[in-house]
Amino acid sequence: MCGIIGFSGSLEAADVLVTGLEQLEYRGYDSAGIAVQSKQGIQSVKAVGNVGALKEKLKEKVFHGSCGIGHTRWATHGGVSEVNAHPHQFGKITLIHNGIIENYKEIWEEYGAGKTLVSQTDTEIAALLFDKLYQGKPEETIKKAVSILEGSYAFCIIFEDIPDIVYCVRKVSPLVAARAKEGSFVASDVTALIAYTQDYFVLPEETILVLKQDTLYLEDLDGNQVEPEMLHVNWDTTAAQKNGYPHYMIKEIHEQAEALRNTILPRIKDNMPNFEAEQIPDSIFKGIDQIKIVACGTAMHAGMVGKVLLEKRVRIPVGVEIASEFRYQNPIINEKTLVIVISQSGETIDTLASLRLAKSKKAITLAIVNVKGSTIARESDYVLYTHAGPEIAVASTKAYTVQIAALVLLTMRMAYVSGMSDIEVIKKDYELLKLAEEAVHISLAKEEEIKELTNILKEKEDLFFIGRGIDYALSCEGSIKLKEISYIHSEAYAAGELKHGTISLITEGVPVIAIATQESVYAKMISNIREVRARGALVILITQEGVEVEPSIYNYHLTIPKLPDEFTPIPTAVLLQLIAYYTSVHRGLNVDQPRNLAKSVTVE
Ligand code: AGP
3 MCGIIGFSGS LEAADVLVTG LEQLEYRGYD SAGIAVQSKQ GIQSVKAVGN
53 VGALKEKLKE KVFHGSCGIG HTRWATHGGV SEVNAHPHQF GKITLIHNGI
103 IENYKEIWEE YGAGKTLVSQ TDTEIAALLF DKLYQGKPEE TIKKAVSILE
153 GSYAFCIIFE DIPDIVYCVR KVSPLVAARA KEGSFVASDV TALIAYTQDY
203 FVLPEETILV LKQDTLYLED LDGNQVEPEM LHVNWDTTAA QKNGYPHYMI
253 KEIHEQAEAL RNTILPRIKD NMPNFEAEQI PDSIFKGIDQ IKIVACGTAM
303 HAGMVGKVLL EKRVRIPVGV EIASEFRYQN PIINEKTLVI VISQSGETID
353 TLASLRLAKS KKAITLAIVN VKGSTIARES DYVLYTHAGP EIAVASTKAY
403 TVQIAALVLL TMRMAYVSGM SDIEVIKKDY ELLKLAEEAV HISLAKEEEI
453 KELTNILKEK EDLFFIGRGI DYALSCEGSI KLKEISYIHS EAYAAGELKH
503 GTISLITEGV PVIAIATQES VYAKMISNIR EVRARGALVI LITQEGVEVE
553 PSIYNYHLTI PKLPDEFTPI PTAVLLQLIA YYTSVHRGLN VDQPRNLAKS
603 VTVE
């Protein structure tokens, strides 16, 4: 999951590339580099670290040229080093790459005789292959190369003897492109293009994109011109900026009420969920006998909430599957299975592979995706887009709550279509969903209190989240949020499971975040909290407001407004996000770009 960008036009390429890489940095920030083509040939600069480190190095060099490529890396093949940073050059080829070349060894054995590599990357071997195949015709070279290359790739390639043109080709890894008055652009995602245009297209797989200063065009591997399918993004540059917030994450936490409104309202007609505009027919919900929700990380945790909602209201078996497991399990699914894939980026490789597997088994596939035109969105039978706007912070927040909202809407529609709920019940559900959305503001109003209480967590090294039912799903989400940005080891546990082992780890001062919003199991939760309290746990308790709680069982008590159990996740999630955020801030960490992580996992 790297960020790549290419440009050919009327501007200084170095400026365009660096600015674009700053927008793409959330995709990977181990190292960065650019290559610019000018009359003096191709000049490259690379630096370990984020784009800021590259900018420092660029101060030492004068770069003039209006064609170039840029890359910000999340290391997959080859460690973090300047020599492994992209762009890579071999012979007449200079290129950047996002993906993994699986047959790099075979390619090296076949074409590497007598050659010397300077890096430990598969990408340099790909550059060697292109150079070996190059006989003066770029398109022919690319066509031959893609017939040899195996794995995932998005390449931007400059040929030394062909000035001011960038050639691109992709398979699995994402690339979008656009034409603006300043020139022709290609990038991993639209956040790098939005400063120039809101109209773009997704580069079809195994199609060659030719980026020239005054035009761009697509051709398939048989040399036929391909018309791009244009898309329009309705947010502007500021949406992908911090706008005065210290971090993208806290900005995106505060954008949730708007993100929820933008996701819910367009799907409501006469106070009922309505998917006509999405062309999702009620027929797909009739006749199914099971649902599989497949995703990774936070998206999978949203799926866990969806399972509770759907099984309660629609009474169909729902399985939540980790995509990286599901894709290798030979799952028992068929044309009577609805497979819901959830992905903010729409590019997560394991979720995409699971989608393709589900389709191969004739299952009905529906995607809940935030990025318009993304691969998962385009390959699913049906798409229910979330409208959270760009989510830049690696830690997913607003995407999670709008995924839950999308699952609530689907649950309401399926309950109505299946006859499990009548129209009045569904209309009341909508009123409750609006209350849950408004409750976000009440949770956000606890920000200062949470900023203060999380001071007790900054020195901790182990922490537990416990909950029952839907609160167990929220515990899983709270745990990943905290882990990934504060580096505190944390575990989520079904509260009733603690006594089967983990409670041995609860000793004096060990923090336990106990989520007890579910009225149906509240008494059981209080018993579990007493058990950890008796062993010295430092308890941060989350309940609905108005419940009786003895002060002796907690150190801190946070509340959400009173709501029916199934509508509590959205305000609860905001509290957990704020806890993770301020714990990371207190520890002085890079909240938006945590170590080892990147925003979209587009490699296995
Ligand atoms: C969540 O905070 C993480 N960034 C990660 O778990 C993420 O949710 C996961 O990689 C799935 O990404 P996707 O939604 O883009 O598919």
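Following our numbering, the numbering of the sequence shown begins with 3 at its first residue and continues without gaps. Positions of the beta carbon are idealized from the N, C-alpha and C atoms, including for glycine. Predicted model, so just to flag it, every value in this text is computed and none were measured.
Shortest alpha-carbon distance to residue i belongs to which of the options?
i, options, result
"Q200", "S190, I167, T239 and L218", "T239"
"E337", "I36, H73, K145 and K361", "K361"
"V322", "Q346, R315, T353 and I425", "T353"
"D222", "R172, S481, E254 and G538", "R172"
"G403", "M306, K501 and K363", "Note that residue 403 is Thr in the sequence shown here, rather than Gly. Here the closest residue by C-alpha is M306."
"I572", "Q281, K485, L446 and G548", "L446"
"A536", "S83, V514, E112 and T193", "V514"
"I127", "S149, S12, H90 and S326", "H90"
"H66", "K134, V50 and D166", "D166"
"G80", "K139, E349, N105 and Q122", "Q122"
"D473", "I370, P566, L591 and I255", "P566"
"V120", "F92, Q595 and I102", "F92"
"T574", "Q546, Y558, H588 and G246", "Q546"
"V605", "V18, I102 and K59", "I102"
"A401", "M3, A304, L233 and G30", "A304"
"K374", "L386, A365, K363 and A525", "L386"
"T519", "K314, G471 and H491", "G471"
"V64", "D17, P230 and I210", "D17"
"E381", "G469, K601 and E207", "E207"
"V316", "D291, L459 and H389", "D291"
Going by beta-carbon coordinates alone, are residue i and residue j separated by less than 7 Å?
i, j, result
"S68", "A34", "no"
"L262", "E479", "no"
"K94", "E162", "yes"
"G72", "I7", "yes"
"E486", "F466", "no"
"V296", "S356", "yes"
"Q39", "I159", "no"
"G153", "G11", "no"
"I344", "I378", "no"
"I36", "L19", "yes"
"V603", "M3", "yes"
"L311", "E568", "yes"
"S488", "R589", "yes"
"A325", "V341", "no"
"I490", "K462", "yes"
"N1", "Q346", "In the structure as shown, the chain begins at 3 and stops at 606. Residue 1 is therefore absent and cannot be evaluated."
"F9", "L97", "no"
What's the C-alpha gap between residue i and residue j?
i, j, result
"K117", "K107", "14 Å"
"L580", "G5", "28 Å"
"L507", "V442", "33 Å"
"P176", "K146", "21 Å"
"Q258", "T399", "8 Å"
"T265", "V174", "27 Å"
"W237", "P553", "47 Å"
"G289", "I351", "30 Å"
"G43", "L368", "48 Å"
"Y583", "Y495", "21 Å"
"R597", "K134", "37 Å"
"Q41", "I164", "Note that residue 41 corresponds to Lys in the displayed sequence, not to Gln. Taking the straight line from one Cα to the other gives about 11 Å."
"K501", "A539", "14 Å"
"G503", "A497", "12 Å"
"S529", "S376", "46 Å"
"N557", "P283", "50 Å"
"Y432", "Y198", "39 Å"
"I562", "A77", "41 Å"
"G70", "V523", "60 Å"
"R29", "R532", "43 Å"
"E278", "D191", "28 Å"
"E141", "L437", "56 Å"
"F187", "R75", "19 Å"
"Y247", "K253", "6 Å"
"M527", "A475", "15 Å"
"A182", "L560", "50 Å"
"Q137", "T143", "7 Å"
"L131", "T413", "51 Å"
"N86", "Q45", "17 Å"
"A516", "S586", "20 Å"
Check the C-beta distance from residue i over to residue j and give it rounded, since I have them as a contact under 8 Å.
i, j, result
"T193", "P392", "6 Å"
"Y169", "V212", "6 Å"
"Y384", "I286", "7 Å"
Would the beta-carbon of residue i be found less than 6 Å away from any heavy atom of the ligand FMN?
i, result
"C478", "Because the ligand FMN does not appear in the structure shown, any question about it cannot be addressed here, the ligands present being the ligand AGP."
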